[in-house]
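Have a look at the structure below before the remarks.
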Amino acid sequence: MSDTAQPIKYFEKRERAYPKRVWGKYRKLKWVAMIVTLGIYYLAPFLRWDRGEHAPDQAILIDMSAQRGYFFFIEIWPQEVYYLTGILVLAAVALFFVTSLAGRVWCGYTCPQTVWTDLFVWVERIVQGDRAKRMRLANGKWTFEKIWKFALTHSLWIVIGMLTGGAWVFYFNDAPTLLEQIIHFEVPWSVGGWVVALTFSTYLMAGFAREQVCMYMCPYSRFQSAMFDKETMIIGYDADRGEKRGKHKKGDSWDGRGDCVDCTMCVQVCPVGIDIRDGLQMECIACGLCVDACNEIMDKVERPRGLIRYDTTHNREARLSGRPEITHVLRPRTFWYISVLVIVGSIMLYGLINRSASELHVLHDRNPLYVTLSDGTIRNGYDIRILNKTHEDILFSLSVEGIENAQIRVQAAGDPDPSALLVYADSVAHYRLFVTAPKPSAARTTLTFTAVSADGEIVETYSGLFLSKGR
Amino acid sequence: MSKIDKDEHTGVETTGHEWDGIKELNNPAPRWWLGVFVITVIWSIGYWVVYPAWPTFSGDGERGGTTGSTGWTQYSQLEESQAEIMARRAAYLDRFDASTFEEIQADPGLYAFALAGGTSAFKDNCATCHGTGGAGASGYPNLNDDDWLWGGSVSAIEETIKFGVRANHDDTRYSEMPAFADIFAEDEISDIADYVLSFSSGDDFPQRGMELYGDQCSLCHADDGTGDRLQGAPNLSDAIWFYGGTKADLVAQIRKPKHGMMPNWNVRLSDSTIRQLAIYVHSLGGGEAEQ
Numbered sequence: 005m006s007d008t009a010q011p012i013k014y015f016e017k018r019e020r021a022y023p024k025r026v027w028g029k030y031r032k033l034k035w036v037a038m039i040v041t042l043g044i045y046y047l048a049p050f051l052r053w054d055r056g057e058h059a060p061d062q063a064i065l066i067d068m069s070a071q072r073g074y075f076f077f078i079e080i081w082p083q084e085v086y087y088l089t090g091i092l093v094l095a096a097v098a099l100f101f102v103t104s105l106a107g108r109v110w111c112g113y114t115c116p117q118t119v120w121t122d123l124f125v126w127v128e129r130i131v132q133g134d135r136a137k138r139m140r141l142a143n144g145k146w147t148f149e150k151i152w153k154f155a156l157t158h159s160l161w162i163v164i165g166m167l168t169g170g171a172w173v174f175y176f177n178d179a180p181t182l183l184e185q186i187i188h189f190e191v192p193w194s195v196g197g198w199v200v201a202l203t204f205s206t207y208l209m210a211g212f213a214r215e216q217v218c219m220y221m222c223p224y225s226r227f228q229s230a231m232f233d234k235e236t237m238i239i240g241y242d243a244d245r246g247e248k249r250g251k252h253k254k255g256d257s258w259d260g261r262g263d264c265v266d267c268t269m270c271v272q273v274c275p276v277g278i279d280i281r282d283g284l285q286m287e288c289i290a291c292g293l294c295v296d297a298c299n300e301i302m303d304k305v306e307r308p309r310g311l312i313r314y315d316t317t318h319n320r321e322a323r324l325s326g327r328p329e330i331t332h333v334l335r336p337r338t339f340w341y342i343s344v345l346v347i348v349g350s351i352m353l354y355g356l357i358n359r360s361a362s363e364l365h366v367l368h369d370r371n372p373l374y375v376t377l378s379d380g381t382i383r384n385g386y387d388i389r390i391l392n393k394t395h396e397d398i399l400f401s402l403s404v405e406g407i408e409n410a411q412i413r414v415q416a417a418g419d420p421d422p423s424a425l426l427v428y429a430d431s432v433a434h435y436r437l438f439v440t441a442p443k444p445s446a447a448r449t450t451l452t453f454t455a456v457s458a459d460g461e462i463v464e465t466y467s468g469l470f471l472s473k474g475r
Numbered sequence: 279m280s281k282i283d284k285d286e287h288t289g290v291e292t293t294g295h296e297w298d299g300i301k302e303l304n305n306p307a308p309r310w311w312l313g314v315f316v317i318t319v320i321w322s323i324g325y326w327v328v329y330p331a332w333p334t335f336s337g338d339g340e341r342g343g344t345t346g347s348t349g350w351t352q353y354s355q356l357e358e359s360q361a362e363i364m365a366r367r368a369a370y371l372d373r374f375d376a377s378t379f380e381e382i383q384a385d386p387g388l389y390a391f392a393l394a395g396g397t398s399a400f401k402d403n404c405a406t407c408h409g410t411g412g413a414g415a416s417g418y419p420n421l422n423d424d425d426w427l428w429g430g431s432v433s434a435i436e437e438t439i440k441f442g443v444r445a446n447h448d449d450t451r452y453s454e455m456p457a458f459a460d461i462f463a464e465d466e467i468s469d470i471a472d473y474v475l476s477f478s479s480g481d482d483f484p485q486r487g488m489e490l491y492g493d494q495c496s497l498c499h500a501d502d503g504t505g506d507r508l509q510g511a512p513n514l515s516d517a518i519w520f521y522g523g524t525k526a527d528l529v530a531q532i533r534k535p536k537h538g539m540m541p542n543w544n545v546r547l548s549d550s551t552i553r554q555l556a557i558y559v560h561s562l563g564g565g566e567a568e569q
């Protein structure tokens, strides 16, 4: 029982990062990446793609109410969602491939979390000033200056959040029409709900959570090391050259010491708040800002650039042992990633090229399985569904083969002729079908159902059963 | 308790309870939890005012309880939902009621409406005897086939559903076959059964069976065994048997016939529902054209 005992601490307190402004090759690349990715995000829904009069002309559209997905020349129905699975597989493997070559460049340059955080930090800097000013303001008292600067920062963040959510909904609705509706505040609650939710999540994730998303929420950053090998490009501090670090006055000799002047610029510009000189860390998103910062300093102290740089572990070992520095693009790891990419890509391409314009589905009645008619013949009932994925109405002729003297009848409004079943453009037609035949000797007879379009170009078949067991 | 026992590591007072050296800390409930608890208490008072909350004494059939300032109850919500459904249905129902069976069967929208209503009404009311697929059972007719005791046009089916068979209604379908056990000897009944079976099998039959059939059975079942729908007399020459098609089944039926019964649904179901049911049953596959 001692009064000095400290209560157990369960959580580490977060040290908020105030990234310092930096300029250089990688910062430039990040700006370009931001402009390109945001440009795609905001402008893509407004691209048009002509699909004829029965379908929307938006190039990228997920039409929830009509249950259709459009991507330029690709058009999918809900049951073809495996294309989406394929795209996700491709995206995942492509990510693995890029990571095994160049490290976490996705995290550093193009991940939405990074892009929006970068944008929010930029807003923060424009309003409140650079790192030192921001820290002073955040830790200082609530003065009038602090209040208006914070209010302005948060307002701008929320505006950006609204624009983010506002653009998202365009992918699910006709963009120009919805834009008109938004301008007039006449949006459906579902659209409004999404805008509010994404405004809030953007504000929360890019304004507050920031690098914690990468550290605690994102599973990818946790298993990134599984894709690394010795020839993966990583951002590293060249300790062989940098140590022993220490302050350096102009004119002092560089003999007997390393190039690192311990200016901590690499730490100050880091958006995730780590010290890259401690080696590769889980938190590092490989954005390269520390490289830019260090190069600037190296220029000033007139030492060669690249004390912090993209390099591989393999190169370091080669340097130390005097072998030439070579990076192989094709390694067992990358070979397998490329193989999976090619295989999955080929399967998807094959599926896309051979996508049928129509489908025929035949479902046998379950109750009753068959009906004995007064003349002793047997009748089986089926639910027929004919999908027409084209943008034209099609007349289908339905026929059944596999059993002798079979008669077919379609049970639907207006008693349609089985040889002229109308299926509207971009829709599914549902019919009841009765097949009547003299009682076959076998309890189960295999039937082939065939639907042929009027022009004979579409032929769909379905294999089904004719049942007649029992009395 | 005079002595306060404090936990060594956390400095928190314990409850004095100890299990195998593990002591329970007497931590207070978290502030936020206490706050939420107080808020729920305040909330409940508002709830009593706004919503029905307290039971009161009420007589039979009355809805007791305080009503709340909004007047909202689950009963009123149910009534609103039902009214909403009826309003939605009314758009079709008016057109449905005003159309003939032929018009309905030619109109995809009305036909789908009728089948949807008929399907659910069939499952609620008819499936108990006729089965969910309408396939029936021994003594309960199969509604999928083309053999009809009282007619298979939509209007004939409608009338059967409305007034029932041997039901308690003046217009009900009614037929009664006499019990021949007292009239015929056993061997005579056997001969009649053989003759009846020969209609569908084409086998040889005893002459006496044909004569007795001609005397006693042909009046209702017709000379060739095709039956008579006006009297509800089954067709004996086809492949479908109501009470079974073996000779023993026939003998039993001639000796002491079974008579099924179907209620007159006009007292339970609306005319519209009965019309929907008739269209649904007609669609099962054996429906006939109007006479």
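These protein sequences, in sequence, are chains G and U. Per the working numbering, residue 5 is the first one in the first sequence, and the count goes up by one each step. Per the working numbering, residue 279 is the first one in the second sequence, and the count goes up by one each step. C-beta: ideal position from N, C-alpha, C; glycine also.
Under the Cβ criterion of 7 Å, Tyr418 of chain U is not counted among the residues facing chain G. CA-to-CA, the gap between Ala365 of chain U and Phe75 of chain G works out to about 40 Å.
Using a Cβ-Cβ cut-off of 7 Å, Pro372 of chain G counts as an interface residue toward chain U, since at least one Cβ of chain U sits closer than that to its own. With a threshold of 7 Å between beta carbons, Ala361 of chain U makes no contact with chain G. Counting every other CB atom within 10 Å of its CB across the protein chains shown gives Gly395 of chain U a total of 16 or more, marking it as buried. DSSP, read as helix, strand or coil, puts Glu302 of chain U in strand. For the region 376-400 of chain U, the set of residues with a beta-carbon nearer than 7 Å to any beta-carbon of chain G comprises Gln383, Ala384, Asp385, Pro386 and Tyr389, in chain order.
Taking 4 residues as the shortest admissible run, the region 516-541 of chain U contains the following complete alpha helix (DSSP H) segments, listed from N- to C-terminal end: 525-533.
For Tyr314 of chain G, the enclosing beta strand (DSSP E) starts and ends at Ile312 to Asp315. If you draw a 10 Å sphere on the C-beta of Lys534 of chain U, you find fewer than 16 other C-beta atoms in it, and that means exposed. Counting C-beta pairs closer than 8 Å gives fewer than three between the region 467-484 of chain U and the region 435-450 of chain U, which falls short of the contact rule. The Cβ neighbour count for Trp146 of chain G, taken over all protein chains shown within 10 Å, is under 16; the residue is labelled exposed. Remark: three or more beta-carbon pairs, one from each stretch, lie closer than 8 Å, so the region 325-332 of chain U and the region 343-362 of chain U are flagged as touching. When secondary structure is reduced to three states using DSSP, His188 of chain G falls in the coil class, being assigned neither helix nor strand. Interface flag for Ser229 of chain G against chain U is unset, since no Cβ pair is found closer than 7 Å. Burial is judged here by how many other beta carbons sit within 10 angstroms of a residue's own beta carbon; Pro223 of chain G has fewer than 16 and is exposed.
Close CB contacts of Asp178 of chain G within its chain, under the 7 Å cut and outside five residues either way in sequence, are with Pro60 and Gln62 (chain order). Lys234 of chain G counts as exposed, since fewer than 16 other beta carbons sit within 10 angstroms of its beta carbon. Secondary structure at Leu437 of chain G: strand, using DSSP grouped into helix, strand and coil. Taking a C-beta cut-off of 7 Å against chain U, the contacting residues of the region 428-456 of chain G are Phe438, listed in chain order. Spanning the alpha carbons of Asp402 of chain U and Arg546 of chain U requires a straight line of approximately 12 Å.
Shown here, Asn299 of chain G sits in a helix according to DSSP, grouped into three states. For Thr410 of chain U, a Cβ of chain G is located within less than 7 Å of the residue's own Cβ. Annotated as proximal: Val273 of chain G and Leu293 of chain G, with beta-carbon spacing under 7 Å. In the DSSP assignment, Trp428 of chain U falls outside any beta strand (DSSP E), carrying neither H nor E. The CB of Gly240 of chain G never comes closer than 7 Å to any CB in chain U; the least such distance is about 43 Å. Beta-bridge analysis with DSSP links Ala511 of chain U to U:Asp506. Nearest C-alpha to Thr157 of chain G among G:Gly144, G:Trp126, G:Asn299 and G:Ile187: G:Trp126. In terms of beta-carbon proximity, Ser378 of chain G lines the interface with chain U, with at least one pair separated by less than 7 Å. Between Gly380 of chain G and Ala517 of chain U, the alpha-carbon positions lie close to 5 Å from each other.
No Cβ of chain U is located within less than 7 Å of the beta carbon of Gln185 of chain G. In the same chain as Thr89 of chain G, and ignoring 5 residues on each side of it, no C-beta atom comes closer than 6 Å to its own. Going by DSSP, Val366 of chain G is part of the beta strand (DSSP E) stretching over Ser362 to His368. Rounded to the nearest whole angstrom, the CA to CA distance from Thr292 of chain U to Lys13 of chain G is 20 Å. In this structure the region 312-323 of chain G lies against the region 236-245 of chain G, because at least three pairs of beta carbons, one per stretch, are closer than 8 Å. In the DSSP assignment, Glu306 of chain G falls outside any alpha helix (DSSP H), carrying neither H nor E.
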